[in-house]
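Under this note's numbering, the first residue of the sequence shown is numbered 19, with each subsequent residue one higher. Since the structure comes first, as structure tokens, the remarks are kept for the end.
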Amino acid sequence: MFRNKEYILAVYQEGGFTKAAERLFVSQPSLSASIKRIEDKLGAPIFDRSTSPISLTEIGKEYVKYALSIQEKEKDFSRYISDHTNLMAGKIRIGGSSFFSSFVLPRLVSEFNESHPQIQFEIFEDSTKNLMNKLVSGNLDIIIDNAINENENIISEVYAPETLLLAVPKALKSNQSVLEFAMTAQDIKENKHLDENMSVKLSAFKDERFILLNPENDTGKRAEKLFKKYGISPSVIFHLDQQVTAFNMACLGLGITFVSDTLIKYDDSERDMYYYRLFDIGTNRNIYFYRKKNHYQSVASRKFIEYNTK
Numbered sequence: 019m020f021r022n023k024e025y026i027l028a029v030y031q032e033g034g035f036t037k038a039a040e041r042l043f044v045s046q047p048s049l050s051a052s053i054k055r056i057e058d059k060l061g062a063p064i065f066d067r068s069t070s071p072i073s074l075t076e077i078g079k080e081y082v083k084y085a086l087s088i089q090e091k092e093k094d095f096s097r098y099i100s101d102h103t104n105l106m107a108g109k110i111r112i113g114g115s116s117f118f119s120s121f122v123l124p125r126l127v128s129e130f131n132e133s134h135p136q137i138q139f140e141i142f143e144d145s146t147k148n149l150m151n152k153l154v155s156g157n158l159d160i161i162i163d164n165a166i167n168e169n170e171n172i173i174s175e176v177y178a179p180e181t182l183l184l185a186v187p188k189a190l191k192s193n194q195s196v197l198e199f200a201m202t203a204q205d206i207k208e209n210k211h212l213d214e215n216m217s218v219k220l221s222a223f224k225d226e227r228f229i230l231l232n233p234e235n236d237t238g239k240r241a242e243k244l245f246k247k248y249g250i251s252p253s254v255i256f257h258l259d260q261q262v263t264a265f266n267m268a269c270l271g272l273g274i275t276f277v278s279d280t281l282i283k284y285d286d287s288e289r290d291m292y293y294y295r296l297f298d299i300g301t302n303r304n305i306y307f308y309r310k311k312n313h314y315q316s317v318a319s320r321k322f323i324e325y326n327t328k
């Protein structure tokens, strides 16, 4: 009954017979007939055809759950066979947010490919939430992110530590009171911000406007906690999804934002900005590689993580 499960899954994933038939390169009547044979064998309908768009029956929901599980096991076995026949050949599907996909992953992939040129990579850019869902569903092998993992089905391994900094336009008056602690991008690249004696208090900038990330984002969560901890009600002009976007807007002089030292180290543009370290443990975090628990991990994926965490 799961022999032609790809037909059921295609209709479920595409939301209808027409798009599913196009995806499978079969005619719609042929697809409908194949699904009807599966339903006849089950003795119950899988799809409720009276709804628009088409929906699953209760039995259909169970069928899809088991079909997806079988499909994932088949993919795991294919990777296992590939590892044993091709050794270090294969493909790694890796995901990251806009920043990681644009700045960090290209460099990691390039360096790894110098010693493993036969490995192919697919890089996926999306929000942390969507990437985690894709990892759990088996559509990604690895994610790189700085979010705290709360999913018991996901394993994390530390790639590198990072520190959150305040990115402040040089033109802002608040700089005057803490100018001796102001750092340039070059200072950050030389790790001068790791000296705790270079720390300032968040209250020095309490009267300025801020550009923050949404609370769903780890940087947004940490900023929110810092303001609450020190009793500051910030004037927020934007809540955004991506750290890079917030940083670019701050660089236009629109306000202050929180950025990671990782971003500053990867950014080669000339910016009219000062950077400040805050004296608070909440500004310290790690960047992680995430992978799915109890999921076959190819030799290529394992080597990639080992190469970048040694």
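For each residue, glycine too, the CB sits at the ideal point set by N, CA and C.
DSSP places M267 in the uninterrupted alpha helix (DSSP H) bounded by 261-269.
The three-state secondary structure of A185, taken from DSSP, is strand.
A Cβ-Cβ separation of about 16 angstroms leaves A203 out of contact with I274 under the 8 angstroms criterion. M201 is bridged by DSSP to Y293. Residue nearest to Y248 within the set N148, F265, F223 is F223 (criterion: CA-CA distance).
Judged by pairs of C-beta atoms under 8 angstroms, the segment 69-85 does not touch the segment 280-296, as fewer than three such pairs exist. Within a 10 Å sphere around the beta-carbon of S48 sit fewer than 16 other beta-carbons, which makes this residue exposed.
The C-beta distance from I56 to N22 rounds to 6 angstroms, short enough to meet the 8 angstroms contact threshold.
For the segment 209-240, the continuous beta strand (DSSP E) assignments of 3+ residues that do not extend past its boundaries occur at 227-231, in sequence order.
In the DSSP assignment, E24 falls within the alpha helix (DSSP H) that extends over 23-32.
Rounded to whole angstroms, the Cβ separation of G238 and L244 is 11 angstroms, and the two are not in contact under 8 angstroms. If the five residues before and after L123 are omitted, its C-beta is found closer than 6 angstroms to the C-beta atoms of G114, I141, all from its own chain and listed in chain order. Between the segment 159-177 and the segment 250-257, the count of C-beta pairs closer than 8 angstroms stays below three; the two stretches do not touch.
Within the segment 51-121, the complete alpha helix (DSSP H) segments at least 4 residues long are 76-104, listed from N- to C-terminus.
When secondary structure is reduced to three states using DSSP, I250 falls in the coil class, being assigned neither helix nor strand.
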